[in-house]
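Numbering (our numbering), first residue to last: 340 to 1110.
Below: the structure, in structure tokens.
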Amino acid sequence: MKRHRPDEQDHIRIVGAKGKNLKDVDVTVPKKRITVFTGVSGSGKSTLVFDTIAAESQRQLNETYSSFVRHRMPHYGQPNADAIANLPVAVVISQKRIGGNSRSTVGTITDIYSLLRLLFSRIGKPFAGEAEVFSFNNPKGMCPKCEGLGTAKEIDIDQLIDKDKSLNEGAIRFPTFRPGDFRWKRYVCTGLFDNDKKLKDFTEEEWDTLVFKSGFKPPHPTEGWPPTATYEGVVPRIVRSFLSKDLRDAELYKEDIERVVRRGTCPACGGARLNAEVLKCRIQGKNIADCTAMQVSDLIDFLGLIHDPIVSTIVEALRFRLRQMLSVGLGYLALGRETATLSGGESQRIKMVRQLGSSLTDLAYIFDEPSIGLHPHDVHNINELLKQLRDKGNTVIIVEHDPDVIRIADHVIDMGPRAGIHGGNVVYEGDFQGLLASDTLTGKFLKEKPALKQATRSPSGWLSIQGANLHNLKNVSVRIPQGVMTVVTGVAGSGKSTLINQILPRYAPEAVYVNQDAVHASSRSNLATFTGMFDLIRTLFAKRNRADISLFSFNSRGACPECKGTGIVTTDLAFMDSVETVCEVCGGQRFKNEVLSYTVDGKNISDVLRMSVEEAGDFFEEPDILAILARLREAGAAYLMLGQPLSTLSGGELQRIKLAKEMERQGGMYVLDEPSTGLHLSDIRQLMRMLDRLTDQGCTVVVIEHHLDLISRADWIIDMGPGAGQEGGEIVFSGTPEDILASERSVTGRYLKKYLQDGQGASGSGTPPKR
């Protein structure tokens, strides 16, 4: 029997990985070390790390559970690799938003709220009960009005009732309340109203009776009034009939309910979620809802005022967990913040905080760009936490582009040499210094000495924002230059997104806003359908072949009848993983044979969808199609296939095709939210060329950004801060990149100065700059 040498067990071995664009990759990942996977977007990093290493680890772990449990867990297909050996259990900490319903908050997801409940149950005065009564998800503690949600449904009277009409003219705008309907008769047959009188002419008493009053018998009803019935106003009747739980009518009239109902702060608890008795219980004058409304940094200070020895261990545990949140740049969040409102980067850091409290070791922690959404100041703190995970005896695997994160790697695996069919190979394995000495694309860009833009553009005008006070903004007034590229910077939570994504649209509603929100599209959406190119291609095929355009859609008449246009057939194996196989009827081509017989210049519609953007640019001659393909190439998406489903694209790829789509417009203002997300240094240069071209055409470009390479190429910088949350919300600096280097108050200025001095790959530049 062959025995493994000890050193073989110290590495994860992948042999012959072939998923997506991977080209028979063999790779070794050292255990209990930090390994960073680098390479351009589309080079195969995510396929190797997430679709191969992580998927196989989680698939094998799931197989250890009973079939009953397995059937209720995520299913992972077997990766396409010859062999994978020595896998530890993997914990994937991705950018996927935590989501959850309105009962899931930062406090509940991190378990910090559980400790806070315990604290109030021990020393809160007056005593309200054990820890469970402080839970807004427990019937003993929740507000009875809103049932612990903090918000209550309210009827929007203006949407429900048209005051310019009478009851006979249909003033009540809701199904079954319209003229002739049975609920309508409960008002016109009361004898209480002039049914032909406009509601705007009702007396205050008549209006109050119609809309709100209930529980009495009309003294003089007319024919049609049920003799035993009591009167019920329009609002209480709608609340009872449509807004209570588990009513069939509520689902039946869902769209109408959404039109007339809005959510507002619960009038009973004021949004605190808990009942009055629980809210009376206080520590140092504050109840538990006051504590969850504080930002983390303030809550740490408040807990420092509690010196009761009975709860010293609870207080210390709370402060420890809260300081961990502070260390990952989340000090501006409040524990009461709903998890569904968190960004992908915030969600990833929340998950990281949860894992830091774990006593498990010998795990593989797999991160997807943990630097996302972070100022260089916060990246340093993240690096320290990644090292902590390694030093506890865990394997840390990171997919990353940020030089400061790459620098802390014990081992680097660089994928490439480029993207798509030109990628899928390991082009370098070794330490960071070896990467700098290599001739790979990553190595070359890390060696570059960065510099400020030599000649900044002059503004053609100014857009002024005055006295903005939303969220943490403190009466902010700022001028945004027009006709140049402005980069808005500042630590996470400093107020950048509030100013640019929520205030600026009030002043510039016509601007094009390209954000990081997911594309809301069906699973059948692909690159061609999203950009509008597929309609042009279908029109071309229909015209050339004199056929109906609906034949050339895999969602319509042209779809293969077996797979319904998906190209695959999914077989549910009950207690085992579902199996996806290529459709035997169409061979994965998605269309009927009749459709595939129609061609344009020797290619059928399926052949075209399998072309890359680059190949399609050589195939088509139609100007409108070529224009879209040119924008996609300029956005760095030349390697993507026209028929590639949007669900298979990375965040960086999605953002680039969204930008390419929006560039159909000429002139005006473009506003981008961290466009460097998920981009390699070489891709950022491509992005800069795109933004420069837009600006040179006379556009105003405003970019929220943390990446120092992009910041150094701005014409104008608006830096926000000085800190996050309540410590932010001010304009720290507004001016040219050269001037920010001399700003004593700007954290961004200090990091930019050090970056320009030390370069991207210089040893030690990941440490914080001196004040």
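In this text, a Cβ means the ideal position worked out from N, Cα and C, and glycines have one as well.
N- and C-terminal bounds of the beta strand (DSSP E) containing residue i
{"i": "W523", "result": "It is not in any beta strand (DSSP E) - W523 instead sits in the alpha helix (DSSP H) that spans 521–527."}
{"i": "L802", "result": "800–807"}
{"i": "M824", "result": "824–828"}
{"i": "P465", "result": "P465 -> no beta strand (DSSP E), and no H or E assigned at all."}
{"i": "L1011", "result": "1008–1012"}
{"i": "A867", "result": "Per DSSP, A867 belongs to no beta strand (DSSP E); it is in the alpha helix (DSSP H), 866–870."}
{"i": "T779", "result": "Here T779 belongs to no beta strand (DSSP E), and DSSP marks it neither H nor E."}
{"i": "S396", "result": "First-last for S396: 394–401, but that is the alpha helix (DSSP H), not the beta strand (DSSP E)."}
Whole-number beta carbon distance between residue j and residue i, since they are thought to touch under 8 Å
{"i": "L981", "j": "L866", "result": "5 Å"}
{"i": "R757", "j": "S382", "result": "7 Å"}
{"i": "T1075", "j": "R796", "result": "That pair is no contact at about 10 Å."}
{"i": "L455", "j": "G446", "result": "7 Å"}
{"i": "K835", "j": "S1051", "result": "Actually they are not in contact, since the Cβ atoms of K835 and S1051 sit about 18 Å apart, beyond 8 Å."}
{"i": "A976", "j": "R995", "result": "5 Å"}
{"i": "G668", "j": "R688", "result": "7 Å"}
{"i": "N401", "j": "R409", "result": "6 Å"}
{"i": "I964", "j": "M872", "result": "6 Å"}
{"i": "R676", "j": "I451", "result": "Between I451 and R676 the Cβ distance is about 12 Å, and since that is not below 8 Å, they are no contact."}
{"i": "T604", "j": "T444", "result": "No, T604 and T444 are not in contact; Cβ-Cβ is about 16 Å, not under 8 Å."}
{"i": "L582", "j": "V600", "result": "7 Å"}
{"i": "H716", "j": "P1107", "result": "7 Å"}
Same chain, Cβ closer than 8 Å to residue i, neighbours up to 5 away in sequence not counted
{"i": "Q623", "result": "F641, L644, I645"}
{"i": "F1072", "result": "I1056, I1057, D1058, D1078, I1079, S1082, R1084, S1085, T1087, G1088"}
{"i": "L728", "result": "Q694, L695, Y704, V735"}
Residues near residue i in its chain [Cβ-Cβ closer than 6 Å; skip 5 each side]
{"i": "K788", "result": "G1098"}
{"i": "E768", "result": "I752"}
{"i": "D778", "result": "none"}
{"i": "G355", "result": "D363, A420, D421"}
{"i": "F706", "result": "I432, I737"}
{"i": "R818", "result": "W801, S803"}
{"i": "T870", "result": "I967, K1000"}
{"i": "G956", "result": "L968"}
{"i": "G731", "result": "Sequence inspection shows Lys at residue 731; the Gly mentioned does not correspond to that position. Once the five neighbours on either side are set aside, the close Cβ partners of K731 are T700."}
{"i": "D365", "result": "V354"}
{"i": "M1008", "result": "A847, A850, T1039"}
{"i": "K813", "result": "G1068, E1069"}
Residue span of the alpha helix (DSSP H) that contains residue i, given as start and end
{"i": "A356", "result": "Where A356 is concerned, there is no enclosing alpha helix (DSSP H), although the beta strand (DSSP E) it sits in stretches over 350–356."}
{"i": "I705", "result": "Counting along the chain, I705 falls outside any alpha helix (DSSP H), though it belongs to the beta strand (DSSP E) covering 703–707."}
{"i": "V654", "result": "651–666"}
{"i": "K492", "result": "Where K492 is concerned, there is no enclosing alpha helix (DSSP H), although the beta strand (DSSP E) it sits in stretches over 490–494."}
{"i": "G378", "result": "First-last for G378: undefined, no H or E at that position."}
{"i": "D1078", "result": "1076–1079"}
{"i": "H750", "result": "It is not in any alpha helix (DSSP H) - H750 instead sits in the beta strand (DSSP E) that spans 750–755."}
{"i": "E685", "result": "683–695"}
{"i": "D963", "result": "962–973"}
Exposure of residue i, with buried meaning 16 or more beta-carbon neighbours within 10 Å
{"i": "G1114", "result": "Because residue 1114 is not part of the residues shown, which for the chain are 340 to 1110, the question remains open."}
{"i": "D701", "result": "exposed"}
{"i": "H750", "result": "buried"}
{"i": "Y1090", "result": "buried"}
{"i": "A703", "result": "buried"}
{"i": "K435", "result": "exposed"}
{"i": "D390", "result": "buried"}
{"i": "F880", "result": "buried"}
{"i": "I353", "result": "buried"}
{"i": "E923", "result": "exposed"}
{"i": "K464", "result": "exposed"}
{"i": "N440", "result": "exposed"}
{"i": "F466", "result": "exposed"}
{"i": "S799", "result": "exposed"}
{"i": "D535", "result": "exposed"}
Min CB distance residue i to chain C below 8 Å
{"i": "A424", "result": "Within the model displayed, chain C is absent; a lone protein chain is all it includes."}
Own chain partners of residue i with C-beta closer than 7 Å, once the 5 adjacent residues on each side are dropped
{"i": "D647", "result": "I462"}
{"i": "G670", "result": "Q634, V635, S636, M664, A1063, G1064"}
{"i": "G509", "result": "R517, P518"}
Inspect the CB distances between the stretch 523–531 and the stretch 481–491 and report whether three or more fall short of 8 Å.
The way I'd put it, the stretch 523–531 doesn't touch the stretch 481–491; fewer than three beta-carbon pairs between them come closer than 8 Å.
Counting pairs of beta carbons, one from the stretch 996–1013 and one from the stretch 772–783, are three or more of them closer than 8 Å?
Contact between the stretch 996–1013 and the stretch 772–783 is absent, because fewer than three Cβ pairs lie under 8 Å.
Report yes or no: do the stretch 950–967 and the stretch 923–935 share at least 3 C-beta pairs separated by less than 8 Å?
Here the stretch 950–967 does not lie against the stretch 923–935, with fewer than 3 beta-carbon pairs under 8 Å apart.
At a cut of 8 Å, does the stretch 1017–1024 reach the stretch 732–750 through at least three beta carbon pairs?
Result yes; three or more Cβ-Cβ pairs closer than 8 Å.
State whether the stretch 491–507 contacts the stretch 557–567, with contact taken as three or more CB pairs (one from each stretch) at a distance under 8 Å.
Touching, no.
Quick check: the stretch 833–851 against the stretch 936–951, are at least 3 beta-carbon pairs closer than 8 Å?
These segments do not touch.
Is there contact between the stretch 1028–1047 and the stretch 619–634, where contact requires at least three CB pairs shorter than 8 Å?
Put simply, the stretch 1028–1047 does not touch the stretch 619–634. Fewer than three CB pairs are less than 8 Å apart.
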